[in-house]
Amino acid sequence: MSFDIAKYLGRATARAKSDVANKMVSMFLHDISRRIVLEVGLRVTDSVYVTDVAETFGEKCVYCRQPLELNRAAVEHLDGMNRFRAGLHIPGNATVACVTCNREKRRDDQLKNLILAESGWESFLSHNSERCATTCKTCRYWAAVWPDPLERNEMLSQSCDSILEFRSRYSGILHWSVQAHLHLRENLEIIYRDCQEFAVTRIEVLVDDSFRKIREGAPDHCVSH
């Protein structure tokens, strides 16, 4: 069998604890974002911002520029909303990408230290097969999107320039992101570690207690000895 079913079934629980911790980090960043947009008076859902995103990028992915469809589009945070990038859900950082680019970009977003660029989105667009090892999955991804090296470099550069120009219109709001990156990292690490510790200790205690009660109530023929 060429398709590894066991590998995919195993994914259901392999990252459960880190997924919970990452979700709590995201919730924290969303709460910070709500306070910021109230302060600056512009939300991501306001018509003026929605119109600007639509006119700047059209109905295309902000990265690969392929046409977007409802079932393959995702809200994209240029600075990822995780403990390493400390991105926010604010104008200038929130846009729309295809689900494939959104997924592929996570490899850069989830690196503690970036090498190719200072931000996750710039790093993602810097994988032009010239600065990485031949095994780089992101370079392979872009090579599949644009097989011709010259076209690939040109398209990646155009996407980068387009995003930079777009973000320049929200430099005042994005200053909050700069401050967030400087001051939130410690709290984000605390949230992540505390969630991991809770998952390892407190949940394990509750699981032991719950399983004991479930086992006591199970019919004898269902319990192996």
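Position 217 of the sequence shown, counting from 1, maps to 216 under numbering that gives the first Met the number 0, and the rest follow consecutively.
Backbone N, C-alpha and C define an ideal beta-carbon position, used for all residues, glycine too.
The model shown is predicted, which means the values in this text are computed figures rather than measured ones.
Residue pairing for His76: DSSP places it in a beta bridge opposite Ala93. If only uninterrupted beta strand (DSSP E) runs of at least 3 residues are considered, none is enclosed by the region 113–149. In the three-state reduction of the DSSP assignment, Lys104 falls in the coil class, being assigned neither a helical nor a strand state. The continuous alpha helix (DSSP H) containing Thr55 extends over residues 46–56. Residue range 201–216 is occupied by the alpha helix (DSSP H) that includes Arg211.
DSSP, read as helix, strand or coil, puts Lys111 in coil. Taking a C-beta distance under 8 Å as the contact criterion, Pro66 and Ile172 do not qualify as a contact pair.
Between Ser161 and Asp78, the CB-CB gap reaches or exceeds 8 Å. Apart from sequence neighbours up to five positions away, the residues of its chain that approach Tyr48 with a beta-carbon distance below 8 Å are Leu41, Arg42, Pro90, ordered along the chain.
Three or more Cβ pairs closer than 8 Å define a contact, and the region 186–194 falls short of that threshold against the region 98–115. 8 Å or more divides the Cβ of Ala143 from the Cβ of Ser128. Straight through space, the alpha carbons of Asp51 and Arg33 are spaced by roughly 20 Å. Ranking Phe56, Asp30, Tyr62, Lys212 by CA distance to the CA of Glu121 puts Tyr62 first.
Non-local C-beta neighbours of Val98 in its own chain, meaning closer than 6 Å and more than five positions away in sequence, comprise Arg71, Ala73, ordered along the chain. The continuous alpha helix (DSSP H) containing Gly171 extends over residues 170–182.
For Ala179, the CB contacts under 7 Å within the same chain, skipping 5 residues up- and downstream, are Ile31, Ala85, Leu87 in chain order. Exposed is the label assigned to Ser46, since fewer than 16 other Cβ atoms lie within 10 Å of its Cβ.
When C-alpha distances from Leu115 are compared across Cys135, Leu205, Val19, Ser25, the shortest belongs to Cys135.
Bridge partners of Lys59 according to DSSP: Pro66.
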